[in-house]
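Below: the structure, in structure tokens.
In UniProt numbering, the protein residues as written are 1 to 269.
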């Protein structure tokens, strides 16, 4: 089956997709995107993702020719064309073609589908490892295509058998692809600022109003009873080690298990 996608309003074969060599997304990294799952034929929190995508476009000051309803219809059309029951949609808007690599013109919209499958069952039953690095994303509220820093760490992450890199300065913020939560004495906390406000994070905070939004240090994290991360692709995933520090007992904790069950039930409603 030939996988289809959209570039602007044109339906294309993804294997032959083309954008201009002068596109600012390519030459300046000037682009935003969003990513959302399809589970059993249904989109997971589609409206929330489109709202965040449009907000990222606005904050990035990229001209946006599409309304939310137009994006919604395009996403549903592509899902039907590619017959995706379980997978994802990735939607990207670049600042478009610029012959002088600066001036803004017509933006470039790219919509793609794919099949999820990077996470393993043991990631959830045994937990994963993170490594920490001193880093802060330049514009954390924008879901941009700038993954330069974590991509440079790809080999180091593999060598450490780590799932992701945790960003920290004076306080921790997030991983390169997820939000983070910690549990101490039954109380759940998550960083309150300098983060991308994840959709799964938003739902978890809604489901468990007692969660504390606060500043958290790396030492706080090391001393936690439990740690877990959240994202659209991972949902909730337990963390049992950060750097050389084992978290709690080194096993998946009960608070995480309860929240994971609660979230799974919520998603089926």
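Each residue gets a CB set at the ideal place from its N, CA and C atoms; glycine is no exception.
Pull up the distance between the alpha-carbon of residue i and that of residue j, whole angstroms please.
{"i": "residue 232", "j": "residue 96", "result": "27 Å"}
{"i": "residue 37", "j": "residue 187", "result": "29 Å"}
{"i": "residue 116", "j": "residue 6", "result": "19 Å"}
{"i": "residue 125", "j": "residue 212", "result": "26 Å"}
{"i": "residue 51", "j": "residue 185", "result": "35 Å"}
{"i": "residue 68", "j": "residue 2", "result": "27 Å"}
{"i": "residue 76", "j": "residue 13", "result": "17 Å"}
{"i": "residue 114", "j": "residue 17", "result": "15 Å"}
{"i": "residue 47", "j": "residue 146", "result": "24 Å"}
{"i": "residue 256", "j": "residue 182", "result": "10 Å"}
Report the option in the options whose CA atom is closest to the CA atom of residue i.
{"i": "residue 83", "options": "207, 43, 164, 179", "result": "43"}
{"i": "residue 193", "options": "209, 184, 214", "result": "214"}
{"i": "residue 173", "options": "156, 134, 146", "result": "134"}
{"i": "residue 19", "options": "92, 200, 228", "result": "92"}
{"i": "residue 9", "options": "111, 127, 105", "result": "111"}
{"i": "residue 200", "options": "266, 171, 103, 230", "result": "230"}
{"i": "residue 261", "options": "241, 251, 236", "result": "236"}
{"i": "residue 148", "options": "269, 11, 15, 28", "result": "28"}
With a threshold of 7 Å (Cβ to nearest heavy atom), would residue i be considered close to the ligand NAP?
{"i": "residue 224", "result": "The ligand NAP is not part of the structure shown, which contains no ligands of any sort."}
Can you tell me which residues form a DSSP beta bridge with residue i?
{"i": "residue 167", "result": "133"}
{"i": "residue 224", "result": "In DSSP, residue 224 forms no bridge with anything."}
{"i": "residue 126", "result": "Bridge partners of residue 126: none, in fact."}
{"i": "residue 179", "result": "230"}
{"i": "residue 39", "result": "42"}
{"i": "residue 13", "result": "4"}
Are residue i and residue j touching if we call contact CB-CB under 8 Å?
{"i": "residue 140", "j": "residue 195", "result": "yes"}
{"i": "residue 216", "j": "residue 176", "result": "no"}
{"i": "residue 222", "j": "residue 98", "result": "no"}
{"i": "residue 161", "j": "residue 129", "result": "yes"}
{"i": "residue 142", "j": "residue 31", "result": "no"}
{"i": "residue 208", "j": "residue 259", "result": "yes"}
{"i": "residue 73", "j": "residue 41", "result": "no"}
{"i": "residue 224", "j": "residue 247", "result": "yes"}
{"i": "residue 163", "j": "residue 136", "result": "no"}
{"i": "residue 227", "j": "residue 180", "result": "yes"}
{"i": "residue 63", "j": "residue 103", "result": "no"}
{"i": "residue 4", "j": "residue 89", "result": "no"}
In this structure, does DSSP put residue i in helix, strand or coil?
{"i": "residue 270", "result": "Outside the displayed span of the chain (1 to 269) sits residue 270, for which this structure offers no information."}
{"i": "residue 121", "result": "helix"}
{"i": "residue 83", "result": "coil"}
{"i": "residue 151", "result": "helix"}
{"i": "residue 216", "result": "coil"}
{"i": "residue 240", "result": "strand"}
{"i": "residue 51", "result": "helix"}
Determine, for residue i, whether the minimum Cβ-Cβ distance to residues of chain D falls below 8 Å.
{"i": "residue 42", "result": "In the structure shown, chain D cannot be found, because there is only a single protein chain."}
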